[in-house]
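These notes are about the structure you will find just below.
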Amino acid sequence: MLLVGDPAASGPPGDGPSVGTANVRPFVGRAREMWELTSALDAARSGHGSLVLVSGEPGIGKSRLVEELADVARDRGFLVLVGRCWDGGGAPAFWPWVQVVRSAGGDFEQLARPVSEARSSRSSVADVVDPDAARFHLFEEVAGFLSAQMTTAPLLVVVDDVHAADEPSTLLLRFLATSAVDQPMLVVASYRDLDPRVRDAAGSTESCPASGDASRWRD
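FYI, in this note's numbering the residues of the sequence shown are 8 to 226.
In structure tokens form, the structure reads like this:
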């Protein structure tokens, strides 16, 4: 597992990439982390996508790092789609992905609708769409929607605060990690390192050989 921020990590320790111009706040002390992330960005541009996991303690600057990466990506011509998880309760299922799809001008409910319509059109009560099959269909629809966005520009998908995500959202994250491998798409997910549930989910993702580079940033 690649430890972003580990002194033993590869890459120039003090010669980080130029940062984006949209965010003018000073950004210092994370040259190595930015080098790792922008290297993944460059690989995605070449059609070698991956999932990068950014972890750390609460308040350590995970979101700030990812925001800076988003600025760099926009400067390099990437389409940037962002979803943020909500830990206050009451959020609908797939909430971060609803935001991701919406930021690209899509409708998440519309992507899920074919399954609902197929179910409602069946005449036999016993002939019901399997829930797992329905979920897989939805995942494919979302992956297809994101792939369509890559026809004009490479794609950066950011999901912030994954420790607050519902289980279906983390499963979709894993699914999209497999889709990113041979596409111009980088998926970056941030989460609190102290959350064992997300750490376990990250371990499951890293064990998938098709998930690309699974990276963790730690202080």
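The beta carbon of each residue, even a glycine, is placed where N, CA and C say it ideally should be.
Counting along the chain, no beta strand (DSSP E) covers R37, and no H or E run does either. Restricting attention to S57, L60, A47 and I67, the CA atom closest to the CA of R37 is found in I67. V107: member of the alpha helix (DSSP H) spanning W102 to S110, first to last residue.
Taking each of S46, S57 and K69 in turn and checking the Cα distance to H170, the smallest one comes out for K69. Along the length of the region 143–191, whole beta strand (DSSP E) runs at least 3 residues long occupy 162–167, reported in chain order.
E64 and R71 have their C-alpha atoms spaced approximately 13 Å apart. Per DSSP, R81 is one residue of the alpha helix (DSSP H) stretching across K69 to D82. Our two residues, E43 and E147, have alpha carbons roughly 29 Å apart in a direct line. Assigned with DSSP and collapsed to three states, A196 falls in strand.
Distances from the CA of R181 to each of Q117, A141, W104 and R120 were compared; the closest alpha carbon is that of W104. Per DSSP, the unbroken beta strand (DSSP E) holding G90 starts and ends at L86 to R91.
Leaving aside the five residues that flank A47 on each side, the residues in its chain whose CB is nearer than 7 Å to its CB run, in chain order, S57, V59, L193 and D220. For the 8 Å CB-CB criterion, A80 and V89 do not form a contact.
The alpha-carbon of D94 is positioned some 11 Å away from that of W102. For the set D200, P99, V87 and F152, the Cα lying nearest the Cα of D114 is the one of F152. Annotation: S53 is outside any beta strand (DSSP E) and is labelled neither H nor E by DSSP. Between the C-alpha atoms of A187 and G97 there is a straight-line separation of about 30 Å.
If you ignore the 5 residues before and after P191, its C-beta comes within less than 7 Å of the C-beta of A51, R52, G54, G56, M157, P161 and L162, all in its own chain and listed in chain order.
At least 8 Å separates the beta-carbon of E74 from that of M41. Closest in alpha carbon position to C92, among L118, A141 and V107, is V107.
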